[in-house]
Amino acid sequence: MENISIILRQLDINEDYFILTWNSDNNNKALTKKGITNNVWKFYLSAFFGSWSFATGILIFHYRELGFSFAQILGIAVVYEVLNFILEIPTGVLADLWSCKKTVMIGYFISGISFFIVLINPNTYIIYIIWSALSAVCTTLNSGSVSAFTYDTMQEINPEKYPRVLSRISAISLTTQAITIIIGGLLSDRIGFNTALLISGIGGLLQALVFTMTIEPTKIKDTISVIVKEPIIQQFVEKVKFSFSVLFNKSEVRFLLFYGVLVFILSEFVGVIFQPYFSDMGYSTNSQIALFSAGSLIVMALSSLIVGKVKNRFNEGYLLLILSACLCLPLLLLKFTFLGVPVFIMFFFAIGGGGIVLSDIMNRLIPSESRATILSAQNQIGSISYSIVAVLIGLFIDQVGIKISALFIGLGSILIFLLLFSRKNIKAIFYEGSN
């Protein structure tokens, strides 16, 4: 301290002012660090409110009750995915150039409001098209932004804790969905579907309120940062070009991109057939379907917790191979009705665990400053890929039924997974584990 005092006097700097300023800066940093750490419990609370699925958990069954065909149901999905495709990149760039926090807050608010809009006329097809469009807007505002916000927060706290925190967020979300789906089914049977919509909307607004209390982490500037501020259009173009170059020019990221797209298509397909499959087995009330849906979410929650806890101990490549097998095998076995429950358990276990592994690897391989844009670009590619095949899948199900369509999709998925894992040099992207 004596040496510092001598230097300060030589530079003609007031020593008391320096000490006061130094202490103030460090106090501010300590307060910011504490605030960033407090983000974690706010993530958990936000996940709780945002997962009130009193209505959405039985939505496919509700569509069938309204008389919608599979083609119409998947038509709603196409509206959602096409808008996802259009909006993903702009919203990702918005988060990177403006604010992840504000982008997410707006998305959560739109999500909550959308439920109240459905209440205007909840029995017509067009209102669900509008709901699908609003859902696409809020999803694109949140998709890459939430993941980037969470990952960057954990980079400032402790990067090694990211998989565990992510798994807890996932478990809270899925468990809450499971419980609220059961309650929503009972409410729909006894009071009506509109009540389930109303409560779900309130949850969305509470989620937005909680997220306003978070503190946005400081992003690490990457190589595309410039000292001179460029025009906004030029910044937008540079962000998009850079994001797609990362996704397609880096072989390890390209592998994860194609793998994630296939997993997304399979999860969406099973999401469509899951409730009608059990309905065909004779489970025809909202409450019964809600119980099966809740069970699937509990399986995913347990899987995310287990994988989040053990992920760093095992080779990530082997984990993905096992999870890939658990995605494909159930589709081949759905033809056997007596195996329906076990094979769906296997499938949803793979979905829950796979999300944790993929998110951690992808976030590790992409630069921080463009993280939201890159993740949005990844989601955009998944959306357009699903949009291309969704209507065809819906028509195929209407023609040959759920079980035969699942068999063909399962066989095709096995071939694609084999092609992906046969690529050279993919071992380099996987963490080997601590054992």
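63 is the number of the first residue of the sequence shown in the working numbering; add one for each residue after it.
Even glycine gets a Cβ: it sits at the ideal position worked out from N, Cα and C.
Option in the options with minimal Cα separation from residue i
| i | options | result |
| --- | --- | --- |
| E222 | L482, I423, F483 | I423 |
| Q134 | L181, W103, I188, F171 | I188 |
| I471 | S421, F411, P279, L394 | L394 |
| I384 | F479, I360, S235 | F479 |
| Y190 | V180, N204, A198 | V180 |
| A233 | P184, M216, T280, F110 | F110 |
| S235 | F105, F211, I245, E314 | F105 |
| I407 | L420, C390, V144 | C390 |
| A352 | T237, T242, S366 | T242 |
| A468 | G333, I450, S365, S366 | G333 |
| M343 | A270, K465, F411 | K465 |
| G414 | S386, T118, F400 | S386 |
| L136 | Y448, G463, L473, I476 | Y448 |
| S173 | K163, T153, S194 | S194 |
| I175 | S358, P152, G112 | G112 |
| I148 | V451, I244, I443, Q296 | I443 |
| E300 | V325, L271, S432 | S432 |
| L382 | L420, I368, K163, F410 | L420 |
| T280 | G474, S475, G97, A363 | G97 |
| F255 | N204, T347, L473 | T347 |
| I192 | N204, Y224, A139 | A139 |
| A240 | G402, I436, I120, I446 | I120 |
| P337 | Q350, L328, F326, V325 | The sequence shown places Gln at residue 337, rather than the Pro named in the question. The option with the nearest alpha carbon to Q337 is Q350. |
| Q217 | S341, I264, N101 | N101 |
| G322 | K303, A412, R252, L401 | A412 |
| S329 | M362, F317, L228 | M362 |
| F177 | T201, G129, S131, L259 | L259 |
| P184 | V325, Y125, F326 | Y125 |
| G531 | S445, P225, L396 | Only positions 63 to 497 of the chain appear in this structure, which leaves residue 531 out of reach. |
| L396 | I335, L364, Y380 | I335 |
Counted within 10 angstroms of its Cβ, other Cβ atoms place residue i as buried (16 or more) or exposed
| i | result |
| --- | --- |
| Y142 | buried |
| I122 | buried |
| P293 | exposed |
| S484 | exposed |
| P404 | exposed |
| D214 | buried |
| T285 | For T285, the predicted structure reports a pLDDT of 38, less than 50, and the residue's modelled location is therefore unreliable. The matter cannot be settled from this model. |
| D158 | buried |
| V166 | buried |
| C388 | buried |
| T118 | buried |
| L481 | exposed |
| Y170 | buried |
| Q269 | buried |
| H230 | Checking the sequence shown, residue 230 turns out to be Arg, not His. The residue in question, R230, is buried, as its Cβ has 16 or more Cβ neighbours within 10 Å. |
| K373 | buried |
| N89 | Caution is warranted here: a pLDDT of 45 is assigned to N89, below 50, making its placement in the model unreliable, and the coordinate value is therefore given only provisionally. N89 comes out exposed. |
| S475 | buried |
| G463 | exposed |
| T153 | buried |
| M275 | exposed |
| N204 | buried |
| F310 | exposed |
| T501 | Because the chain here runs from 63 to 497, residue 501 falls outside it and cannot be looked at. |
| F304 | buried |
| I182 | exposed |
| Y339 | buried |
| L473 | exposed |
| L477 | exposed |
| V290 | Confidence at V290 is low in this model, with a pLDDT of 43, below 50, so the placement of that residue is unreliable and no value is reported for it. |
| I295 | exposed |
Any non-hydrogen atom of the ligand GDP closer than 6 Å to residue i Cβ
| i | result |
| --- | --- |
| I407 | Ligands are entirely absent from the displayed structure, and the ligand GDP is therefore not among its contents. |
Nearest-angstrom beta carbon gap, residue j and residue i [assumed within contact, 8 Å]
| i | j | result |
| --- | --- | --- |
| A434 | S207 | 5 Å |
| A198 | N146 | 5 Å |
| E150 | N425 | Between N425 and E150 the Cβ distance is about 17 Å, and since that is not below 8 Å, they are no contact. |
| V451 | F298 | Going by Cβ atoms, the distance from V451 to F298 rounds to 30 Å, so no, they are not a contact pair. |
| I428 | V308 | 6 Å |
| G246 | S115 | 7 Å |
| S358 | F398 | S358 to F398, Cβ: 19 Å. No contact. |
| Q345 | F354 | In the sequence under discussion, the amino acid at residue 345 is Tyr, which differs from the Gln named in the question. 7 Å between Cβ atoms; contact. |
| T237 | I418 | With a Cβ gap of about 15 Å, T237 and I418 do not count as contacting. |
| G402 | V325 | Not really, about 21 Å apart at Cβ, beyond 8 Å. |
| S161 | E278 | 6 Å |
What residue ranges within the segment 103–157 form continuous alpha helix (DSSP H) runs of no fewer than 4 residues, ordered along the chain?
Secondary structure remark: continuous alpha helix (DSSP H) runs of at least 4 residues inside the segment 103–157, in chain order: 121–127.
Start-end ranges of the alpha helix (DSSP H) lying completely within the segment 241–306, minimum 4 residues:
Segments of the alpha helix (DSSP H) lying fully in the segment 241–306: 255–273.
Curious, which full-length alpha helix (DSSP H) runs of at least 4 residues does the segment 352–404 contain?
With a minimum length of 4 residues, the continuous alpha helix (DSSP H) runs that stay inside the segment 352–404 are 378–395.
Where in the segment 152–228 do unbroken runs of the alpha helix (DSSP H), each at least 4 residues long, occur, reported from the N-terminal end onward?
Qualifying alpha helix (DSSP H) stretches, in chain order: 162–180, 187–219.
What residue ranges within the segment 402–460 form continuous alpha helix (DSSP H) runs of no fewer than 4 residues, ordered along the chain?
Whole alpha helix (DSSP H) segments, 4+ residues: 402–427.
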